[in-house]
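*Asks:* As numbered in numbering that gives the first Met the number 0, the sequence shown has no gaps in its residue numbers, which increase by one up to the final residue, 406.
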Amino acid sequence: MIEFGLSDIAIYVPPYYLPHEELAAVYGVPKEKYTIGLGNQNMAVIPNWEDTVSMAANAGLQVLEKSGTDPGDIQQLVVCTESGVDHSKPVASFVQGLLKIGTRCRVYEIKNACYGGTAGLVESVELMSHNAKSSRKSLLIMSDIARYGFGTLGEPTQGAGAVAMLLEKNPRLCSVDTSLNGIFSKDTFDFWRPTGYDFPVVDGKFSIECYLSALEGALSDFRSNAGIEQGRLMDYLDYVIYHMPYTKMAGKAHRRLIEIEYRGSNLETQEEIYNKTFSSKVAPGLMGAREVGNIYTGSVYMGLVSLMEHEREKIEGKRIGLFSYGSGCMAEFLVYHTKTKLGKIIDSLHFKDQLDKRRKITFKEYTQFYSKSQEEVVHSPSEMNSLKNQYTKFLFTGFMDHKRQYI
Ligand code: CAA
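1. Where residue 401 and residue 382 are concerned, what is the direct C-alpha to C-alpha distance, given to the nearest angstrom?
2. Within 6 Å: the Cβ of residue 31 and any heavy atom of the ligand CAA?
3. Beta-carbon within less than 7 Å of residue 217's beta-carbon, same chain only, minus the 5 sequence neighbours each way: which residues are those?
4. Could you give the distance in angstroms between the alpha-carbon of residue 57 and the alpha-carbon of residue 100?
5. I'd like to know whether the C-beta atoms of residue 412 and residue 394 end up nearer to each other than 7 Å.
6. Please state whether the Cβ-Cβ distance between residue 137 and residue 97 is less than 7 Å.
7. Under 8 Å by Cβ, that's how I've got residue 304 and residue 164 pegged, so tell me the actual separation to the nearest angstrom.
8. Is residue 117 a contact residue of the ligand CAA, with contact defined as CB to any heavy atom under 6 Å?
9. Helix, strand or coil: which one does DSSP assign to residue 447?
10. Considering only residues of the same chain and omitting the five flanking positions on each side of residue 255, which have a CB-CB separation below 8 Å?
11. Tell me whether residue 96 sits in a helix, a strand or coil according to DSSP, three-state version.
12. Can you tell me the Cα-Cα spacing of residue 396 and residue 173, whole angstroms?
13. Can you give, in chain order, each stretch of the alpha helix (DSSP H) that sits fully within the segment 358 to 403 and has at least 4 residues?
14. Rounded to whole angstroms, what is the Cα-Cα separation between residue 369 and residue 0?
15. Do residue 189 and residue 209 have their C-beta atoms within less than 7 Å of each other?
16. For residue 276, which option in 312, 232, 245 and 244 has the closest C-alpha, if you only look at C-alpha atoms?
17. Quick one: what's got a C-beta closer than 7 Å to residue 33's C-beta in the same chain, skipping five residues either side?
18. Just reading off the beta strand (DSSP E) that residue 75 is part of, what are its end residues?
19. Using 8 Å for Cβ pairs, my map puts residue 43 next to residue 292. What's the rounded Cβ distance?
20. Can you give me the C-alpha to C-alpha distance between residue 252 and residue 205, rounded to a whole angstrom?
21. When every heavy atom of the ligand CAA is checked, does at least one fall within less than 6 Å of the C-beta of residue 296?
22. Could you check how far apart the C-beta atoms of residue 10 and residue 160 are, in whole angstroms? I think they sit under 8 Å.
23. For the ligand CAA, is there a heavy atom less than 6 Å away from the beta-carbon of residue 190?
24. I'd like to know whether the C-beta atoms of residue 55 and residue 140 end up nearer to each other than 7 Å.
25. Suppose the cutoff is 8 Å on Cβ atoms and the five residues either side in sequence are ignored; what does the same chain contact list for residue 202 look like?
26. Which residue wins for smallest C-alpha separation from residue 130, given the options 261, 269 and 3?
27. Just grab the DSSP bridge partners of residue 329 for me.
28. Identify every residue that forms a DSSP beta bridge with residue 111.
29. Confirm the yes/no value for this check: CB of residue 201, any heavy atom of the ligand GTP, distance under 6 Å.
30. With hydrogens ignored, establish whether the beta-carbon of residue 35 is closer than 6 Å to any heavy atom of the ligand CAA.
31. In this structure, does DSSP put residue 41 in helix, strand or coil?
32. Comparing alpha-carbon positions, which option in 359, 272, 347 and 372 lies nearest residue 7?
33. Pick out whichever of 224, 398 and 340 has its Cα sitting closest to the Cα of residue 176.
34. Per DSSP, what are the beta-bridge partners of residue 7 in this structure?
35. Quick check on residue 197: buried or exposed, where buried means 16 or more other Cβ atoms within 10 Å of its Cβ?
36. Would you mind stating whether residue 145 and residue 325 have Cβ atoms separated by less than 7 Å?
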């Protein structure tokens with residue numbers, strides 16, 4: 000049987016972070032509200048010489064290089080984002096130029112809140128399987144800047160980053176059978192950003208309820224597609240990754256999953272199963288959300304990168320359940336089957352290394368970065384070159400004739 004899925008994956012995060020402890024001190028909030036209540040430690044902060052495009056290109060370049068893929072062999076380039084830079088020109092076209100991807104390539108952008116990345120993945124995999132004879136390679140990138148504004152309840156869940164994947168037939172990293180995917184969608188107003196608004200409008204508590212109901216719906220659909228009886232899911236899956244605006248959301252989601260799976264068992268048994276399965280199947284994937292925050296479309300896939308770097312060879316030949324949620328709302332539960340001999344792919348992830356090399360900034364520096372609109376940004380390309388490094392290869396220098404400029 001021909002399989003389809005991921006042959007490689009890479010992540011890019013901006014080089015600055017603000018500790019939640021400092022954010023809490025400024026707002027006079029107990030730091031435990033953020034570090035325990037939300038479960039996040041640090042928040043990625045993107046400087047104004049980087050943006051959705053440059054992060055996407057930085058992640059995309061990494062995945063091409065680490066997998067030894069020639070940009071000319073990419074026949075489909077999809078960038079998924081809810082923080083796009085233009086109402087018309089797709090982020091993917093900027094990335095095509097920066098990565099020198101050829102013209103015989105289908106290039107487009109997908110917007111569908113945080114679900115956008117999974118929409119891109121399912122669509123790419125299904126397109127490949129409809130034309131199984133071709134050896135099409137797809138580059139799928141999720142890139143986002145999650146911002147809620149100063150002093151808002153969403154502010155401690157902000158973040159920024161991009162995840163890039165190489166998708167193809169007979170994948171080297173993991174395969175996915177999309178015919179089993181569990182789906183749930185509903186028209187809701189839990190988190191949205193009307194055109195012209197800089198920040199989203201959020202009904203925070205309601206968004207959590209929408210997320211959990213969507214999980215319940217998607218799981219029930221998945222169970223019936225895959226023929227898995229209630230109570231058997233934890234035996235079937237080796238790991239579970241949830242969409243994570245903050246790490247505590249994964250805890251809430253897993254608790255709901257256990258309640259559904261073990262409905263009828265007493266609370267003590269449920270609690271025991273929750274604790275045991277959370278620490279072995281969910282916790283190994285939490286590092287990204289804890290250190291970076293929400294990266295919207297890429298969040299759940301940052302969980303996959305975190306899990307791989309944490310578990311290393313233990314991840315080989317396993318089943319990973321992944322729950323993708325996008326406000327509005329659309330959710331999907333899918334299962335990845337990992338391959339063997341993943342050492343090289345995992346060794347070249349360098350996620351922890353990127354996090355270790357970041358610089359801690361102050362609240363004042365954070366407000367300086369985030370107070371300037373992109374239209375006000377003008378950087379001299381010659382000065383900017385010194386900001387490039389092993390991971391940051393592309394930077395945004397401002398507008399010229401209404402056109403975004405990158406070096
Ligand atoms: N010590 C320890 N814990 C504390 C604490 C303290 N001193 N003070 C408060 N807490 C706990 C609270 O008990 C609460 O925990 P539980 O949720 O387990 O009860 C937690 O800290 C958060 O505190 P609040 O309930 O007071 O929450 P808040 O009013 O500050 O808002 C939020 C939290 C709704 C998540 C808000 O940050 C928000 O609106 N975020 C953006 C929307 C979002 O991320 N929604 C998630 C689902 S939607 C989605 O997933 C799509 C997406 O990516 C946006």
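Note that beta-carbon positions come from the ideal geometry of N, C-alpha and C, so glycine has one too.
*Replies:* The structure says:
1. 22 Å
2. yes
3. 181, 182, 183, 322, 330, 331 and 332
4. Approximately 14 Å between the Cα atoms of the pair.
5. Residue 412 lies beyond the range of the chain shown here (0 to 406); nothing can be said about it.
6. no
7. Going by Cβ atoms, the distance from residue 304 to residue 164 rounds to 10 Å, so no, they are not a contact pair.
8. no
9. The structure shown does not extend to residue 447, since the chain spans only 0 to 406, so no value can be given for it.
10. 211, 214 and 215
11. Residue state, collapsed to three classes: helix.
12. 37 Å
13. You should have 362 to 370 and 380 to 383.
14. 50 Å
15. yes
16. 232
17. 19, 22, 23, 39 and 155
18. 73 to 79
19. 6 Å
20. 14 Å
21. no
22. 6 Å
23. yes
24. In contact: residue 55 and residue 140 (Cβ atoms closer than 7 Å).
25. Correct list, in chain order: 188, 189 and 190.
26. The option with the nearest alpha carbon to residue 130 is 3.
27. Its beta-bridge partners are 184 and 325.
28. 113
29. This structure lacks the ligand GTP; its bound ligands are the ligand CAA.
30. yes
31. strand
32. 347
33. 224
34. 165
35. exposed
36. no
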